[in-house]
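J.: Residues 1243 to 1340, numbered by the numbering used here, are exactly what the sequence shown covers, in order.
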Amino acid sequence: MAPTPGSDVAFQKRFETALMLKLKGFAVVPENIEHDDQLFPAANCGYGIVEFTRKSGADLIVLGTQGESNFHCMLTGSTAERVLRELPCSALVVQSPS
């Protein structure tokens, strides 16, 4: 059976709405702090962060780390480390409390 025309678009819209709700639940941002929550499709996290930063003209980006093991980082490097090498702006990296 063929998909209903527009069903993929409707699914994508529902998915994006659910994702934005999840994103907004990560942190409470005071009203006096200017920020922008956006979804930006990309092949992987690191590439997406760098490309979004370039296209948006952001002057600061805040990244979180997950505290990966040193051994894992030696082999693969963390997303934050890879992004920091290519970012066109300043970055604030916040370490996970765990």
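Here a beta-carbon is modelled for each residue, glycine too, at the ideal position from N, C-alpha and C. This one's a predicted model, so the numbers in the text were calculated from it and none came from an experiment.
Residue range of the beta strand (DSSP E) that Val1335 falls in?
T.: Ser1332 to Val1336
J.: Within 10 angstroms of the Cβ of Val1304, are there 16 or more other Cβ atoms? Answer buried if so, exposed if not.
T.: exposed
J.: Taking three-plus beta-carbon pairs below 8 Å as touching, is the region 1284–1299 in contact with the region 1250–1261?
T.: Taking a contact to require three or more Cβ pairs closer than 8 Å, the region 1284–1299 and the region 1250–1261 do not qualify as touching.
J.: Where does Gly1306 sit, in a helix, a strand or coil, going by DSSP?
T.: strand
J.: Can you tell me the Cα-Cα spacing of Pro1330 and Arg1324, whole angstroms?
T.: 13 Å
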